[in-house]
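Asker: Protein chains in written order, with this note's numbering: chain Z, 1 to 173; chain A, 1001 to 1165. Note that beta-carbon positions come from the ideal geometry of N, C-alpha and C, so glycine has one too.
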Amino acid sequence: MGPLSKRIAHGDTAAFVEFYDACADRLHHYLWALLGSKEDAEDVLQESFLRLARRGKRLAQIENLTAFIFTIARNEALRWLRRHGNVEHPIDVALGSGRFEVVCGQDFERAEAAALALARLSPPSREIIELKIFAGLTFREIAEITGSPQGTVASQYQAALEKMRKTLAKDWL
Amino acid sequence: MNIDPEELLRRLRQRPANKELRQQVLMAVANEWRAARQRRWMRRVALATAALLVFSVGANWWASSAISDRLARLYEVHNSFDKADNAKILLASQERGELPPPNRAAQYLALLQQRIIAESAFCEKERRHEKMEQNPSWDGSRSRNLDGMHSPSGCRPYLDYRHTA
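1. With a cut-off of 7 Å, does the C-beta of Glu1020/A fall near any C-beta of chain Z?
2. Can you name the residues of chain A whose CB is closer than 7 Å to the CB of His10/Z?
3. With a cut-off of 7 Å, does the C-beta of Asp182/Z fall near any C-beta of chain A?
4. Taking the CB atoms as reference points, tell me whether Asp171/Z and Ala113/Z lie closer together than 7 Å.
5. Does Leu1012/A come within less than 7 Å of chain Z when only Cβ atoms are used?
6. Just the Cα atoms here: how many angstroms apart are Ala1050/A and Ile8/Z?
7. Look at the alpha carbon of Trp1041/A and the alpha carbon of Gly151/Z, and state the distance between them as a whole number of angstroms.
8. Among residues of its own chain, excluding the 5 on either side of Ala41/Z, which ones have a beta-carbon nearer than 7 Å to its beta-carbon?
9. I want to see whether chain A comes within less than 7 Å of Ile128/Z, judged by CB atoms only; does it?
10. Mind listing which residues of the stretch 45 to 71 of chain Z have their C-beta closer than 8 Å to chain A's C-betas, in chain order?
11. Using a 10 Å radius around the Cβ and a threshold of 16 neighbouring Cβ atoms, would you call Ala94/Z buried or exposed?
12. What are the boundary residues of the alpha helix (DSSP H) that includes Glu1098/A?
13. Under DSSP, the alpha helix (DSSP H) around Gln46/Z begins and ends at which residues?
14. With DSSP as the reference, identify every bridge partner of Phe139/Z, one or two as the case may be.
15. With which residues is Glu101/Z paired in a DSSP beta bridge?
16. Starting from the C-beta of Leu168/Z, find all residues in its chain whose C-beta is less than 8 Å away, skip the five residues before and the five after it, and write them out in chain order.
17. Give a yes or no on whether 7 Å exceeds the smallest Cβ distance from Trp1033/A to chain Z.
18. For Arg120/Z, name the three-state secondary structure that DSSP assigns.
19. In this structure, how does DSSP classify His1078/A when only helix, strand and coil are distinguished?
20. Alpha carbon to alpha carbon, how far is Gln1023/A from Arg1010/A?
21. Note down, in chain order, each residue of its chain lying with its Cβ closer than 6 Å to the Cβ of Thr66/Z, except the 5 sequence neighbours on either side.
22. If you measure between the beta carbons of Arg1015/A and Glu101/Z, is that distance less than 7 Å?
23. Residues of chain Z with CB under 7 Å from Gly1024/A, in chain order?
24. How would you write the range of the alpha helix (DSSP H) that Glu18/Z sits in, first residue to last?
25. So, does the CB of Leu161/Z fall closer than 7 Å to a CB anywhere in chain D?
26. Exposed or buried, which one is Ser1056/A when buried takes at least 16 other CB atoms within 10 Å?
27. For Leu131/Z, I'd like the list of residues in its chain whose CB is within less than 6 Å of its CB, leaving aside the five on either flank, ordered along the chain.
28. Kindly indicate which three-state DSSP category Glu1119/A falls into: helix, strand or coil?
29. Which class does Glu130/Z belong to by DSSP, given the choice of helix, strand or coil?
30. Would you tell me roughly how many angstroms separate the C-alpha atoms of Ser1143/A and Ala1072/A, rounded to the nearest one?
31. Does the beta carbon of Ile1003/A come closer than 7 Å to any beta carbon on chain Z?
32. Let me make sure I understand the geometry here. Which of Leu161/Z, Glu162/Z, Ala159/Z and Ile129/Z has the alpha-carbon closest to that of Thr146/Z?
33. What would DSSP say about Ser1068/A, mapped onto helix, strand or coil?
34. Given this structure, state the Cα-to-Cα distance separating Asp21/Z from Ser48/Z, to the nearest angstrom.
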């Protein structure tokens, strides 16, 4: 992404559009999971891209633009939550929230069970699962975004998967 | 029963963001970049104006000090010459037992004043026409004789010149 960040730093609109199309959906989904509201996620997403654009020529120094925009978005979301107060979201709105699409032919019950097991995780573990599986980021990028050591991120991920496995096994038995 | 939560989660399809949101974000970023370019341009204009102002103040000071130096030099030389020459004339007259020549000092003083006026007029060329209109008989470049004295038909050798407002 090195050349893309340099192009965006010099005001290349086509490069910015290319970058937006590459990560906007994943970023929107992540913000929706953090904030619990589609509209709030849209507002924070727009503000995050504006903050990125305002950096101007300093963007050329950024090596990993995707990790950078996720970091900006995370900080913006936390700022938004502090302003509006942390809202607890009920855990039984996993598929009903609209974050996921139900695909024809898919085992709906299993899909919903997985989404519910995800919702039952603690917020830090849920965040790591969201970034690893749905955003498609590496452990190194997740460590950069969350500010945690890479080893901690990896072990938290494995622990979260293990917890989900036990929850699903208990629900299906 | 082998449950793989990772596999189950990967089968979930994320709902994409709105197309309207894409247009909104791209337009906002384009506006932001346009505003940033404008701010950079205004900053350059402001810096250039400030530099020009500093330069003009400096040039004005330099020009003023050059004129002041010139007038000071003119006044100083004639003043000392006038005093020394006048002293010699008076001494010579006393030694010979003669009366001092009439109005010699006054004549030199008048010459000095006219030369200062001529220098000022020279420095303010764009205002020459005003001085000539006020005193048409006075012409700093033509009415002066070889000995430096104005002809009787020309400007009177005392100060009747008035500066314009």
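Answerer: According to the structure shown:
1. no
2. Ordered by position in chain A, no residue passes the 7 Å Cβ test against His10/Z, which lies about 11 Å from the chain.
3. Since the displayed chain Z opens at 1 and closes at 173, residue 182/Z lies outside it and no answer follows.
4. yes
5. yes
6. 33 Å
7. 48 Å
8. His28, Leu31, Trp32 and Leu35
9. no
10. Leu45, Gln46, Phe49, Leu50, Ala53, Arg54 and Gly56
11. Legend: pLDDT at Ala94/Z = 47, less than 50; position of this residue unreliable, value from coordinates given subsequently. With 16 or more other Cβ atoms within 10 Å, it is buried.
12. Where Glu1098/A is concerned, there is no enclosing alpha helix (DSSP H), given that its DSSP letter is neither H nor E.
13. Lys38 to Arg54
14. Looking at the DSSP assignment, Phe139/Z forms no beta bridge with any residue, so it has no partner.
15. Arg1013/A
16. Ala113, Ala114 and Ala117
17. yes
18. coil
19. Because the pLDDT of His1078/A is 49, which lies under 50, any placement of that residue in the model is unreliable, and the number read from its coordinates should be weighed accordingly. His1078/A: helix per DSSP, three-state reduction.
20. 29 Å
21. Cys23
22. yes
23. At residue 1024/A the sequence reads Gln, which differs from the Gly that was named. Within 7 Å Cβ-Cβ: Gln46.
24. Thr13 to Leu35
25. Note that chain D does not occur in the displayed structure, where the protein chains are Z and A.
26. exposed
27. Leu137 and Ile142
28. helix
29. helix
30. Residue placement at Ser1143/A is flagged as unreliable, the pLDDT there being 47, under the threshold of 50; a coordinate-derived value is accordingly withheld.
31. yes
32. Ile129/Z
33. helix
34. 15 Å
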